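Note sheet for the following structure.
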Amino acid sequence: MARDRRPPEIREAGFTVVEILVTLLVITVVTAVAATIMTNVLPTVHADSSLELVETELHQAREAAMDQRRTFVVTFQGTNEITVQRIELSGSLTLIANYFLGQDVNYTLIPTVPDTPDGFGNSLAVNFSGSDAFEFLGDGTAVNASGQLVDGTVFMAISGNPITARAVTVMGATGEIKGYSYNGSTWN
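In structure tokens, the structure reads:
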């Protein structure tokens with residue numbers, strides 16, 4: 001039997017091919033698991049971010065209407081845009097905010113998802129008495145273009161993905177704003 005005459009530092013240096021292959025296998029498995037998790041989690045993250053955006057814009061519009069004693073018009077445009085405008089004393093409109101929902105999230109209804117617990121209706125993705133706009137008055141109430149109190153709901157989701165369903169309701173008499181997330185069976 002031949003004896004290895006190299007110094008111990010040299011004999012112990014490096015990795016075997018088997019060690020390298022095992023390490024690469026572990027890295028591949030961990031990467032695959034992480035990619036699968038991200039594919040399933042990202043849609044709900046985008047939906048949650050859109051819910052937060054709509055809630056925040058509505059709260060800010062209501063607060064500004066009360067602080068400034070002016071009417072603020074909130075409009076849900078197209079499939080994913082929200083604008084907030086202030087009605088000036090002259091009657092002209094000043095754009096205050098203009099935002100778009102998160103990636104792939106749109107104003108939409110998913111047929112298998114029921115109405116929110118507030119029960120304002122789910123016949124339209126954006127429904128404020130059949131309109132896609134409403135106004136916050138200086139006292140914080142929400143009204144339609146005719147000045148009548150209006151309750152309404154904004155439904156949003158990634159098309160065809162019920163677990164991403166989100167909704168924001170506005171109660172006309174109080175201006176109360178509530179956000180809801182659908183977990184596949186109930187609204188939370």
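Residue numbers (this note's numbering): 1 to 188.
Each residue gets a CB set at the ideal place from its N, CA and C atoms; glycine is no exception.
Bear in mind that the values here come from a model prediction, so they are computed numbers and not experimental data.
Boundaries of the beta strand (DSSP E) around S181: I177 to S181.
Note that the region 29 to 38 does not touch the region 136 to 156; fewer than 3 beta-carbon pairs, one per stretch, sit closer than 8 angstroms. Counting of Cβ neighbours within 10 angstroms places N40 among the exposed residues, the total staying below 16. Annotation: the continuous alpha helix (DSSP H) that includes E63 extends over V17 to Q68. Within the same chain, N106 and T108 come within 7 angstroms of S159 by CB-CB distance, once the 5 residues on both sides are set aside.
Take the alpha-carbon of P117 and the one of W187: they are about 7 angstroms apart. Between the alpha carbons of R62 and T174 lies a gap of roughly 10 angstroms.
Here I158 carries a strand assignment [DSSP, helix/strand/coil]. Between the C-alpha atoms of P114 and N122 there is a straight-line separation of about 7 angstroms. Excluding sequence positions up to five before and after Y182, its CB lies within less than 6 angstroms of the CB of V113 and A165, all in the same chain and listed in chain order. Sixteen is the threshold: since fewer than 16 other Cβ atoms of the shown chains lie within 10 Å of the Cβ of V26, the residue is exposed. Bridge partners of F136 according to DSSP: F72 and A142.
With a cutoff of 8 angstroms on beta-carbon distance, A65 and G147 are scored as not near each other. Straight-line spacing of the CA atoms in V84 and G119 works out to 25 angstroms.
In the DSSP assignment, A173 is bridged to no other residue. The three-state secondary structure of I87, taken from DSSP, is strand.
In the same chain as A167, and ignoring 5 residues on each side of it, the C-beta atoms closer than 6 angstroms to its own belong to T116, T153, F155 and Y180, in chain order. Note on V126: 16 or more other CB atoms within 10 angstroms of its CB, so buried under the neighbour-count rule. Taking the Cα positions, I96 is about 7 angstroms away from R86. F76 is positioned such that its CB atom lies no closer than 8 angstroms to that of D151.
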